[in-house]
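Mapping of the sequence shown onto the numbering used here: residues 6 to 223, in sequence order.
Ideal placement from N, C-alpha and C gives every residue a C-beta, glycine not left out.
Working notes for the structure below.
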Amino acid sequence: MMGDQMNKGLYMVNDKFPGSADEMSYRKMVESIQDVIYEIGLDGKINYVSPAVEKLLGYLPDELYGKSFYSFIYEADVSLVKEALSYIEKPRNSHVEFRLCTRSGDLCWVRTTATPLWDRGKITGGTGALSGISEIKMMQQQLQDSESRFRGIFEASNDGILLVDSETRKFHAGNEKICRMLGYSREEILTLGIEDVHFREDLPLLWKELEWQRKDEI
């Protein structure tokens, strides 16, 4: 019932139906959502898109009605999205991340959760929400670049380095140098901890140092 009323509410935005009080409520709800709510037909044409699309892509909703949803997808991602939204052969909810082309020509990363639309037992298209995730993607890339850079330093170091969990006191990683120094393989290093490679009389000082590090005192 809610799905049927939502569909009517979406069409009402395009002036295809007069709006009832319930439909007006749904319209206000949809248009207040920060994510972009959309509806596409089986042919990929856009039947509805919420006003939030202007902030995400720079287009007004009226500029997008009747146009192919796929024409705004970055070319390299089109096949991925078509597979995710192939409702006819494999009716299901779909989750996919891809890039859209904005009015300015920039690329915008989005994530969508799409659900098939049914009418009299037949799938007529899909509806879903687009969430902008460009900032998340940028942070992920920066993290990967940083990890790659520091891993290179870690492996190339002339010093033996061990990464240890200050809570469990077990090793997370060791570079090639420490493996040669101690005579263990990388796999063996991951089964060891501080107590396995230090003299017993040195342990009290090491425990204090770990505690100081946890408290950011050193």
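key: Rounded separation between K72 and G63 - CA only   = K72 and G63 have their alpha carbons spaced roughly 15 Å apart.
query = So the alpha helix (DSSP H) L47 belongs to, where does it begin and stop?
reply = Segment: none, L47 is in no alpha helix (DSSP H) and carries neither H nor E.
request  = Would you decide whether A81 is buried or exposed? Buried here means 16 or more other CB atoms lie within 10 Å of its CB.
outcome  = With fewer than 16 neighbouring CB atoms inside 10 Å of its own CB, A81 falls in the exposed class.
message = Per DSSP, what are the beta-bridge partners of D201 in this structure?
response = According to DSSP, residue pairing for D201 in a beta bridge does not occur.
task = Locate the beta strand (DSSP E) running through E102, then write down its first and last residues.
result = Going by DSSP, E102 is part of the beta strand (DSSP E) stretching over S99 to C106.
request  = Could you check what DSSP says for D164 in three-state terms: helix, strand or coil?
outcome  = Note: D164 maps to coil in three-state DSSP.
key: Supposed contact pair V115 and I141 - C-beta distance, whole angstroms, cut 8 Å   = Contact flag wrong, Cβ pair sits at about 11 Å.
inquiry  = When you compare the CB positions of T132 and E44, do they come within less than 8 Å of one another, or not?
reply    = Contact check for T132 against E44 passes: the beta carbons are separated by less than 8 Å.
key: Extent of the continuous beta strand (DSSP E) to which A119 belongs   = L112 to D124 is the extent of the beta strand (DSSP E) around A119.
inquiry  = Would K182 and G198 qualify as a contact pair, given that the criterion is a beta-carbon distance under 8 Å?
reply    = No, they are not a contact pair.
key: Coarse secondary structure for A134, derived from DSSP in three states   = In this structure, A134 counts as strand in the three-state DSSP scheme.
Cβ separation of V41 and L135, assumed to be a contact under 8 Å, to the nearest whole Å = With a contact defined as Cβ atoms closer than 8 Å, V41 and L135 qualify at about 4 Å.
query = Can you tell me whether F204 is buried or exposed, with buried defined as 16 or more other CB within 10 angstroms of its CB?
reply = That one is exposed.
query = For A178, does the three-state DSSP call read helix, strand or coil?
reply = A178 falls in the strand class under three-state DSSP.
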